[in-house]
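From first to last, the protein sequence lines are chains A and B.
Under the working numbering, residue 331 is the last one in the first sequence; the count climbs by one each step, no gaps.
Under the working numbering, residue 593 is the last one in the second sequence; the count climbs by one each step, no gaps.
All C-beta atoms in this analysis are idealised placements derived from N, C-alpha and C, irrespective of residue type, glycine included.
All of these numbers come straight from a predicted model, not from anything done at the bench.
First up is the structure itself, then whatever we jot down about it.
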Amino acid sequence: MTYLLRRLITFPLVMLGVSVLVFVAIRLVPGDSITAMLGTEAGLLTPQQKQALAAYFGLDQSWLVQYGRWLLGVLSADLGLSVTYGKPVLDVILQRFPLTLELACLSMVVAIGIGLPLGVFAATRRERGSDLAVRIFAMIGQSTPSFVIGLMIIYVLSAGFGILPAMGQFIPFSEDPLGNIGQLILPALTLGLSFTASVTRISRSAMLDVLSDDYVRTARSKGATRRRVIWRHALPNALIPVVTLSGVEFGYLLGGAVLVEQIFALPGLGRMVLDAILQRDYALVQGSVLFVALNFMIVNLLVDLAYVMLDPRIRLGGRS
Amino acid sequence: MSRLLSVRGLTVGFGRGDTAKTVVHGIDFDLSPGETLAIVGESGSGKSVTALSINRLIDDGGGRILGGRMEFTTARGEVVDLVSATDRRMEKIRGSEIGMIFQEPMTSLNPVMTIGRQIEETFRLQQGLGHAAARLEALNALERVRIADAERRLGYYPHQLSGGMLQRVMIAMALAANPRLLIADEPTTALDVSVQAQIMALLAELRRETGTGMIFITHDMGLVAGIADRVMVMNGGRVVEQGTLDDIFDRPQHPYTRHLLQAVPHFSHGRHVRRDVSPGGRALVRPALKVEGLTVRFPATTGLLRRPAGAIHAVEGVGFELMPGETLAIVGESGSGKSTTARALLGLVKASRGSFSLHAGDEIPRRKPIQMVFQNPYASLNPRLDVESLLAEPVLAGGVRPDGDTRKRMMSLLERVGLPSDSLRRYPHEFSGGQRQRLCIARALMVDPSVLVLDEAVSALDVSVQARVLDLLIDLQNDLKLAYLFVSHDMAVVERIAHRIAVLYAGQIVEIGRADAVLSNPRHDYTRRLIAAVPTTDRRRDVFRLQTEAVPSLLRPRGYEPPEAVWAVCGEDHQVLVEQRAMMGEAR
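Structure representation (structure tokens):
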């Protein structure tokens, strides 16, 4: 409990640091949002019109004033106005986020569902043919870029089996759950495959470590079957690194996956941020980076809490 | 009487193909029901491999049974060959017919399961009991191994219990299904001597109660004397001798058995202490190390703001003098503060209070007054440095550039500690444990210290290697007039090397004096208990008394100051702390 409080106190501090960094970084990039927004038409504007637009979006002030205003807004959950969408930043983000969250969750289900059993299986067949096969699969999965995997999946399905993945207009989960899932299966597989590969590798090596521990031998000396020794005694002890890795990967996925969203034409957070950067949509970039950072911190906190559930020896915040 | 276990030509190897290596070469032995056979040997003798082969757990470490027969008579009277039995059959036999206890209780229990669930598991696997019934049986099993407050302990995780407690849990688990054979693989090696005595007492009592046959693996002849009916001595994967306890101890035939019985330090109540320093001369010499009121406390905190909640009084008001050429042994059990004392003297932990002064001596030039040799020679040498760099390290740390003289000194020290002259270019992994400890000693001597702190310096070594390293230490001490502060829990080793002994209990010295006086005539309760717990070859089939006294907590409230120590003199150079029971009574 005290640990949780201590951790929560650090949240605003980290957020403050992130906000300063992103605020400065986006402004160091040459170009301005008015020109980016209007494109060639910007040349048609009179200086007065430009001035008026800049004043409307608050871009005529000094950086310090802009930052101060923005920060005050953030404190009251007002992340500012998006130049490109002409809507509040928070609305834009919240509209995009469900898809990204869903995609991240599905990828994780794929990764844990396939990677964990595969890793455990490989560890128990150490140095045999099946272990080697799993390791080669993991190596390929980890080293192939996700867009290659995505394109290959589309190609194989459409050219080989004549099934076209459901592309086109995105179907929200709330409108048609089945259609929505059907639409997301391929992107989730694509994203999940490299995730699966890393989960496989880490669970294999964690299991190998644990299987040579003394208590595994004790369990066998009690007459436990091989299966029971592996799943009941060894696996719970090997989960910590798997949880660590999954937490980090999940955190990344919550920031959006630009390439996969692009390939499957999905309106996720990743593409939105990319567009916002290209459009110099300062408020949207700032707001979404802050949002992603907050998500990342929450996921990490959850990972820490998971440690406590997995291993009774871990006491958070303790010094030894 | 029919046999419980009959082993013929058991051969065990590790690895396959070119790297295959046979480690047990066709051994034979028999065990009758209810009999205890001790298998004795040093590391590499194949004794643990033999033990693990009996219930076929040897494949866990990559071993394979290459040949032989192991005929085991089950409770139903069937004879099963354990070498050729199917895996399914073995799963039934393990736990229900053959129970096993391992060396390291701290790592042998699953850290993420409560001990209750781990004991229950045996009942569920072997007797098919449901949850509630298994829980009841687990409770009985814990009570059978004399664990107080068993109901509550069932919900504990292994890290919440001490090593001795955990070993009892292991025993409870191994005996859960009333096996006909119990294999105990060095069950007390990782434990303190008084805890060891309790575990031995428990094993002896349970053996009487249940009539279980037992195979007891150990390197300690003293333990063998206490528990075994018959003894089998192993060396290099072969049985060199086996026979009844009295035959082996009184009429050993094989030279190796005789070596184990004689060369190895055995405790003899102060009859074999060193007498090479005259105690009369003490007053005339300046001490090499003088310690006064040394106190080490670790703050304990609580709550959100880490408010100080008191302190762990690890070392409390320790004082002594150490003369040149003399060994002061600091004995005590884990948590008594003996290692903390040693570390404080080297500045590895910060002393909260107290002072110590080092005197370099006049005859020999000393560059650094104090050096340390650690317990584990495998972990205390950097594996990436060759011997020359390792030996140069303390010289460099003293701000001196190694030169030709340094090299000459290295060569002479290597020769002095008995290492080959071509050692300089070699790396630590190329040396055996004993050789590594010699390296550590040479490293400490590079800067001519006057005081050498030896923290359990021979505890990790095999018994006969131990004897040789002790001899080396004694020779070096006499030649170089070194003062040793010898921290150890092993009374037999202490008896060999110490001139004086300080007994540490709960951070305080409770008794200090000449080695023969302290060992032959202990005055403090704790010293007596400690000495009574030491197994010796004289105490055959001696039953240790079972007691369950807990070590007092060292956590004290804020601002707590212990009462002033009052010493009683009970002989020339022999003092004992007077227990202040009256004061403690008032405090309650």
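CB-CB under 7 Å to residue i, same chain, minus the five flanking residues each way: which ones, in chain order?
| i | result |
| --- | --- |
| B:V422 | R443, I446, A447 and L477 |
| B:V574 | Q580 |
| B:R414 | M451 |
| B:Q132 | A182 |
| A:A230 | V240 and H244 |
| B:S7 | T78 |
Please state the DSSP three-state secondary structure of residue i.
| i | result |
| --- | --- |
| B:V84 | strand |
| A:F172 | coil |
| B:F491 | strand |
| B:G241 | coil |
| B:G315 | strand |
| A:I325 | coil |
| B:H579 | strand |
| B:M377 | strand |
| A:R330 | Since pLDDT at A:R330 reaches only 41, below the 50 mark, its modelled position is unreliable, and no value is offered. |
| A:L19 | helix |
| A:F275 | coil |
| B:I124 | helix |
| B:H277 | coil |
Give me whichever residues DSSP pairs with residue i in a beta bridge.
| i | result |
| --- | --- |
| B:G104 | B:L187 |
| B:T78 | B:V84 |
| B:D460 | B:V492 |
| A:F206 | None; A:F206 has no bridge partner. |
| B:K295 | B:E326 and B:S362 |
| B:S11 | B:D35 and B:E76 |
| B:E516 | B:V508 and B:V581 |
| B:V236 | B:A43 and B:G248 |
| B:K26 | B:F19 |
| B:G68 | B:F19 |
Please classify residue i: is it buried, with 16 or more other beta-carbons within 10 angstroms of its beta-carbon, or exposed?
| i | result |
| --- | --- |
| A:F206 | buried |
| A:D224 | buried |
| B:Y565 | exposed |
| A:F172 | exposed |
| A:M163 | exposed |
| B:M239 | buried |
| B:R504 | According to the sequence displayed, residue 504 of chain B carries His and not Arg. Result: buried. |
| B:L211 | buried |
| B:Y489 | buried |
| A:L55 | exposed |
| A:G329 | Annotation note: pLDDT 49 at A:G329 (below 50); position unreliable, coordinate value reported separately. Counting Cβ neighbours within 10 Å, A:G329 comes out exposed, since fewer than 16 surround it. |
| B:E500 | buried |
| A:S87 | exposed |
| A:P156 | exposed |
| B:E214 | exposed |
| A:Y166 | exposed |
| B:R81 | exposed |
| A:T13 | exposed |
| B:N115 | buried |
| B:H318 | buried |
| B:K26 | exposed |
| B:R358 | exposed |
| B:G20 | exposed |
Give every residue of the same chain whose Cβ lies closer than 8 Å to the Cβ of residue i, excluding the five residues on either side of it in the sequence, and list them in chain order.
| i | result |
| --- | --- |
| A:I37 | I288, R291, Y293, V296 and Q297 |
| B:K373 | P399, G403, V452, D453 and P454 |
| B:G227 | H271, F272, A497, V539, P540, T541, T542 and R544 |
| B:S199 | E338, R534, L535 and A538 |
| B:V245 | V238, M239, H259, Y261 and T262 |
| A:R80 | G69 and Q72 |
Enumerate in chain order the residues of its own chain whose CB-to-CB distance from residue i is below 6 Å, with the five nearest sequence positions on each side excluded.
| i | result |
| --- | --- |
| B:T532 | V508 and E516 |
| B:G295 | Per the sequence shown, residue 295 of chain B should be read as Lys rather than Gly. Within the same chain, B:K295 has close Cβ partners E326 and S362. |
| B:R129 | A139 |
| B:V290 | M328 |
*Which ranges would you report for the alpha helix (DSSP H) in the region 118-195 of chain A if only whole runs of at least 4 residues count?*
Listed in chain order, they are 140-154 and 157-166.
*What are the start and end residues of each continuous alpha helix (DSSP H) run of 4 or more residues lying completely inside the region 163-222 of chain B, in chain order?*
Listed in chain order, they are 168-179 and 198-215.
*Enumerated in chain order, which unbroken segments of the alpha helix (DSSP H) with a length of 4 residues or greater are wholly contained in the region 57-85 of chain A?*
With a minimum length of 4 residues, the continuous alpha helix (DSSP H) runs that stay inside the region 57-85 of chain A are 58-67.
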